[in-house]
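FYI, in my numbering the residues of the sequence shown are 210 to 724.
A virtual CB, placed ideally from N, CA and C, is assigned to each residue, including glycine.
Structure, as structure tokens:
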Amino acid sequence: MLVFSLRAVNKICVKDNNTGWRVLRGLIIFFVLGYTGVFYYLCKQSDLAISDVIFCIIMFSGGGFVVLVTRLSLMSLLKVEKLVINERSNALHDSLTGLPNRQYLMNSLSHHVDVGLPFSLLLIDLNRFKQVNDALGHYYGDLLLIEVGKSVSEHLPDDATLFRLGGDEFAVIVTQVELAQVQHTINAIHQALEKAFCIESYDLLVGASVGLSHYPSYASEIGQLLQQADIAMYSSKKLATLYTTYDHSLETNAAEKVNISALLKRAIEQQEFELWYQPIINLRDNSLYGVEALIRWPRPDGSYTPPSVFINIAEQTTLINQITGWVMQQVAKDVEHFESLGLSLCIHLNLSAKDLQDPTLINKSVSLVNGNHSSQKIMFEITESAMMTNVAQAKDAMTQITAAGGAFSIDDFGTGFSSLELLRDLPVTQIKIDGSFINSIHHSDADLAIVKSVIFLSQHLNCNVVAEGVENSETATLLASLGCDLAQGYYYSKPMPMSSFAHYIQVQQSMSTAV
Ligand code: C2E
Ligand code: CA
Ligand code: CA
Numbered sequence: 210m211l212v213f214s215l216r217a218v219n220k221i222c223v224k225d226n227n228t229g230w231r232v233l234r235g236l237i238i239f240f241v242l243g244y245t246g247v248f249y250y251l252c253k254q255s256d257l258a259i260s261d262v263i264f265c266i267i268m269f270s271g272g273g274f275v276v277l278v279t280r281l282s283l284m285s286l287l288k289v290e291k292l293v294i295n296e297r298s299n300a301l302h303d304s305l306t307g308l309p310n311r312q313y314l315m316n317s318l319s320h321h322v323d324v325g326l327p328f329s330l331l332l333i334d335l336n337r338f339k340q341v342n343d344a345l346g347h348y349y350g351d352l353l354l355i356e357v358g359k360s361v362s363e364h365l366p367d368d369a370t371l372f373r374l375g376g377d378e379f380a381v382i383v384t385q386v387e388l389a390q391v392q393h394t395i396n397a398i399h400q401a402l403e404k405a406f407c408i409e410s411y412d413l414l415v416g417a418s419v420g421l422s423h424y425p426s427y428a429s430e431i432g433q434l435l436q437q438a439d440i441a442m443y444s445s446k447k448l449a450t451l452y453t454t455y456d457h458s459l460e461t462n463a464a465e466k467v468n469i470s471a472l473l474k475r476a477i478e479q480q481e482f483e484l485w486y487q488p489i490i491n492l493r494d495n496s497l498y499g500v501e502a503l504i505r506w507p508r509p510d511g512s513y514t515p516p517s518v519f520i521n522i523a524e525q526t527t528l529i530n531q532i533t534g535w536v537m538q539q540v541a542k543d544v545e546h547f548e549s550l551g552l553s554l555c556i557h558l559n560l561s562a563k564d565l566q567d568p569t570l571i572n573k574s575v576s577l578v579n580g581n582h583s584s585q586k587i588m589f590e591i592t593e594s595a596m597m598t599n600v601a602q603a604k605d606a607m608t609q610i611t612a613a614g615g616a617f618s619i620d621d622f623g624t625g626f627s628s629l630e631l632l633r634d635l636p637v638t639q640i641k642i643d644g645s646f647i648n649s650i651h652h653s654d655a656d657l658a659i660v661k662s663v664i665f666l667s668q669h670l671n672c673n674v675v676a677e678g679v680e681n682s683e684t685a686t687l688l689a690s691l692g693c694d695l696a697q698g699y700y701y702s703k704p705m706p707m708s709s710f711a712h713y714i715q716v717q718q719s720m721s722t723a724v
């Protein structure tokens, strides 16, 4: 038994350096020798005294005791060891998808850098994931992430490892820098996301934006490598490319973004903006129905920074709320101006997702509508994705503003995650079909079908329809024949400053008198 317990103590000594175990091993060996001596002595005796038998039983029980203690100690040690291994694995794996996590990625990157072999880092951000999460809730969002993780892991080649960094962000380390090999991995990622994921009763489709950087040819240390892949990933998302390789010029864009944010703050403080208006025309009689207020930010050289550049940046901070606040203040002033021109218009202004989440701005919208005692109406334009950021909150804000007399139009309809549920549940009275469908209705049957369907849908939902981006008379005529109510675009007029509006009206009136 003592020899048997020696095996357990030997295993313990391998796992634990504590000298106590070595002393115990020495004692057991000593006892084994002692027992052998006693056994030899007893064998030499011609007959055994009762006291010798009792002595042997005690020694035997002692042996049993040692076996029990050493076996139990070994079992406890193995259990603790297993717990530690599990714990370590949990700390390095994502609990939702089971994939290696951010910490694991950092460890792997350090290891690769220590080894010194070149490799590539891909940062992946899912497209449309946020809409799924917002529309269906975190439960479906989580199930979708699990399926995405599984599918991408299955498609990846052997030289690539997938990590989940959190949210809808993933990373892949590829032990290759050859473009063809890395492209093979990127194609595999896109293939993995090609088909819709069937999550319970929903078919959910997500895409991916991928940013690529290499070690050591692009970045010589981990922080820089991650930052480069991140910048490339954002560019891929913005340009809707399959992937973007890091390039120094992208960094200039990131720096420019920081610069624009700083300049925007100053522009807000010093009220550097202008509010221009673009006419919206009634297609039934070509009369002026209303105007859309579009912000303009003049540069010192007389040119303008396009809203598509600075609105996006402002939307990433609360600067957008201040900008919308300024627009509302300006519209309140311009209402008087339109009134003085004898017009009765619907004045459209654009709201961003964050505006509907800001109680101060909701109050400002209500005051704008309430305080407007002229014959001008106020219409707020908001995109589907902005409404979907938080449907309950959007509904609440929209209901308050509608109760005060404002109305809502869905902007850029067809480009977002078009949800009929939104049309049914939210107080919307108008749909603006995005310009990308309008310009091509003459040569794309699919776009024509979409425009016809949206007009049909709107009519049955008691909403009116605006076609955006109308650039020629053929498009205007076709839209009118399809039953589209309103049109806006360069064909009628480009956006113009308030100061040009009186002239525009004069020209329109003289033209209609001439007709
Ligand atoms: P949007 O709300 O879809 O505005 C329509 C955009 O299309 C305007 O660009 C307008 O100038 C342009 N546009 C009008 N007709 C035509 C046409 O026939 N052809 C083409 N190619 N374009 C046409 P803009 O003024 O550069 O504004 C771009 C976007 O910036 C707007 O898109 C809107 O999303 C945002 N934006 C502009 N002003 C504001 C604002 O005051 N607040 C907020 N939150 N966003 C604004
Ligand atoms: Ca708009
Ligand atoms: Ca639009």
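Heavy atoms of ligand 2 versus C-beta positions, residues under 5 Å: Selection output, chain order preserved: ASN559, GLU590, ASP620.
Using a C-beta cutoff of 7 Å, does ALA389 count as contacting chain B?
Of the protein chains in the structure, only one exists, and it is not chain B.
Quick one: any contact between the region 386–399 and the region 323–332, if contact means 3 or more CB pairs under 8 Å? Pairwise C-beta distances place the region 386–399 in contact with the region 323–332, as three or more of them are shorter than 8 Å.
Element boundaries [beta strand (DSSP E), containing PHE406] = Working through the sequence shown from its first residue, we reach residue 406 at position 197. Segment 406–408, the beta strand (DSSP E) holding PHE406.
Top-ranked residue by Cα proximity to ALA613, from GLN718, MET588, GLN392, ASN599:
Position 404 of the sequence shown, counted from the first residue, corresponds to residue 613. Measuring C-alpha to C-alpha distances from ALA613 to each of GLN718, MET588, GLN392, ASN599 identifies MET588 as the nearest.
Original post:
Got a sec: does ligand 3 put a non-hydrogen atom nearer than 6 Å to the Cβ of HIS677?
Top reply: Within the sequence shown, numbered from 1, the residue matching residue 677 stands at position 468. The question names His, but residue 677 is Glu in the sequence shown. Answer for GLU677: yes, Cβ within range of ligand 3.
Exercise. What span of residues does the alpha helix (DSSP H) with ALA603 cover, start to end?
Worked result: Locating residue 603 in the sequence shown gives position 394, counting from the first residue. 600–612 is the extent of the alpha helix (DSSP H) around ALA603.
Beta-carbon proximity list for THR598, same chain, < 7 Å, skipping 5 on both sides = Walking along the sequence shown from the start, residue 598 turns up at place 389. Cβ within range, chain order: ASP343, ALA562.
Starting from LYS447, follow the alpha helix (DSSP H) in both directions and report where the run begins and ends.
The residue given as residue 447 occupies position 238 in the sequence shown. Where LYS447 is concerned, the enclosing alpha helix (DSSP H) starts and stops at 431–448.
Spell out the partners DSSP gives TYR513 in its beta bridges. Working through the sequence shown from its first residue, we reach residue 513 at position 304. DSSP output for TYR513 lists PRO507 as bridge partner(s).
*For the beta strand (DSSP E) that MET588 lies in, which residues bound it at each end?*
The count along the sequence shown starts at 1 and reaches residue 588 at position 379. Segment 586–592, the beta strand (DSSP E) holding MET588.
(Q) I believe ILE642 touches VAL660 by the beta-carbon criterion, under 8 Å. Please report the beta-carbon distance rounded to the nearest angstrom. (A) One-based indexing of the sequence shown puts residue 642 at position 433. One-based indexing of the sequence shown puts residue 660 at position 451. The beta-carbon distance between ILE642 and VAL660, rounded to whole angstroms, is 6 Å. This is short enough to meet the 8 Å contact definition.
Exercise for review: Give every residue of the same chain whose Cβ lies closer than 6 Å to the Cβ of VAL674, excluding the five residues on either side of it in the sequence, and list them in chain order.
Suggested key: Numbered from 1 along the sequence shown, position 465 holds the residue referred to as residue 674. ILE640, ILE664, SER667, CYS693, ASP694, listed in sequence order.
Give the DSSP-derived three-state secondary structure of LYS641 in the structure shown.
By one-based count along the sequence shown, residue 641 stands at place 432. Here LYS641 sits in strand by DSSP.
### Message
Just to confirm, is the Cβ distance from ILE237 to TRP230 under 7 Å?
### Response
Counting from one through the sequence shown, the residue named residue 237 turns up at place 28. Counting from one through the sequence shown, the residue named residue 230 turns up at place 21. In this structure, TRP230 does not lie closer than 7 Å to ILE237 by Cβ.
What's the call for MET607, buried or exposed, on a 16-neighbour Cβ count within 10 Å?
Looking up residue 607 in the sequence shown gives position 398. So MET607 ends up on the buried side.
Query raised in the report: When the Cα of LEU402 is compared with those of PHE239, ALA464, ILE333, which residue comes out closest?
Result: The sequence position of residue 402 within the sequence shown is 193, counting from 1. Residue ILE333 is the option with its Cα nearest to LEU402.
Are ALA476 and TYR455 touching if we call contact CB-CB under 7 Å?
On the sequence shown, position 267 is the one that residue 476 refers to. On the sequence shown, position 246 is the one that residue 455 refers to. Not a contact, by the Cβ cut-off of 7 Å.
TODO: Assign ILE556 to one of three DSSP states: helix, strand, or coil.
DONE: Translated into the one-based positions of the sequence shown, residue 556 becomes position 347. Correct three-state label for ILE556: strand.
* **Heavy atom of ligand 1 within 6 Å of TYR427 beta-carbon** => Walking along the sequence shown from the start, residue 427 turns up at place 218. No, since every heavy atom of ligand 1 falls outside the 6 Å radius drawn around the Cβ of TYR427.
Query raised in the report: So what does DSSP say about MET705, is it helix, strand or coil?
Result: Here residue 705 is taken as the residue at index 496 of the sequence shown, counted from 1. Strand at MET705.
Query raised in the report: If we count the other Cβ atoms within 10 Å of its Cβ and call it buried at 16 or more, is MET284 buried or exposed?
Result: For the purposes of this step, residue 284 is taken as the residue at position 75 of the sequence shown. MET284 should be labelled exposed.
(Q) I need the straight-line Cα distance from HIS347 to PHE617, nearest angstrom please. (A) Position 138 of the sequence shown, counting from 1, holds the residue named residue 347. Position 408 of the sequence shown, counting from 1, holds the residue named residue 617. One C-alpha to the other measures close to 28 Å.
Q. Applying the criterion that 16 or more other CB atoms from any shown protein chain within 10 Å of the CB defines a buried residue, is THR453 buried or exposed?
A. In the sequence shown, the residue the question calls residue 453 occupies position 244. It counts as buried.
May I ask which residues mark the beginning and end of the alpha helix (DSSP H) holding GLN727? The chain is shown only over 210 to 724; residue 727 falls outside these bounds and no answer can be derived.
ask   = Fully enclosed by the region 310–379, which alpha helix (DSSP H) runs are 4 residues long or longer?
value = Runs of the alpha helix (DSSP H) inside the region 310–379: 311–324, 338–345, 347–364.
Whole-number beta carbon distance between GLU501 and GLN480, since they are thought to touch under 8 Å
Numbered from its first residue, the sequence shown carries residue 480 at position 271. Numbered from its first residue, the sequence shown carries residue 501 at position 292. Actually they do not touch by this definition, with Cβ atoms about 21 Å apart.
| Among ASP439, HIS669, GLN392, nearest to ASP368 - alpha-carbon criterion | As a position in the sequence shown, residue 368 is number 159, starting the count at 1. Distance check between ASP368 and each of ASP439, HIS669, GLN392 places GLN392 closest, using alpha-carbon atoms only.
- Task: Spell out the partners DSSP gives ASN673 in its beta bridges.
- Result: In the sequence shown, counting from the first residue as 1, residue 673 sits at position 464. Answer is GLN639.
Run the proximity test for GLY698: is its beta-carbon closer than 6 Å to any non-hydrogen atom belonging to ligand 1? For the purposes of this step, residue 698 is taken as the residue at position 489 of the sequence shown. Using a cutoff of 6 Å, the CB of GLY698 counts as near ligand 1, since one of the ligand's heavy atoms is closer than that.
Judging by CA-CA distance, which residue of ASP323, VAL467, VAL716, VAL637 is the nearest neighbour of GLN609?
Counting from 1 along the sequence shown, the entry for residue 609 is found at position 400. Nearest C-alpha to GLN609: VAL637.
* Rounded C-beta distance between LEU437 and SER418? I'm assuming under 8 Å. -> For this step, residue 437 is matched to residue 228 along the sequence shown. For this step, residue 418 is matched to residue 209 along the sequence shown. The identity of residue 437 in the sequence shown is Gln, whereas the question assumes Leu. Not a contact, Cβ separation roughly 15 Å.
* Asked: Is any heavy atom in ligand 1 found nearer than 6 Å to the beta carbon of PRO704?
  -> Indexing the sequence shown from 1 puts residue 704 at position 495. True, at least one ligand heavy atom lies under 6 Å from that Cβ.
Original post:
Between GLY499 and ILE556, which are expected to be in contact by the criterion C-beta below 8 Å, what is the C-beta distance as a whole number of angstroms?
Top reply: To locate residue 499, count along the sequence shown from 1; it is residue 290. To locate residue 556, count along the sequence shown from 1; it is residue 347. GLY499 to ILE556, Cβ: 6 Å. Contact.
Assess contact between the region 407–416 and the region 293–310, defined as three or more Cβ pairs (one per stretch) separated by less than 8 Å. Is contact present? By the C-beta criterion, the region 407–416 is judged not to be in contact with the region 293–310, since fewer than 3 inter-stretch pairs fall below 8 Å.
Legend entry - Distance between THR394 and LEU554 (C-alpha atoms, nearest Å): Walking along the sequence shown from the start, residue 554 turns up at place 345. Walking along the sequence shown from the start, residue 394 turns up at place 185. Answer to the nearest angstrom: the Cα atoms are 55 Å apart.
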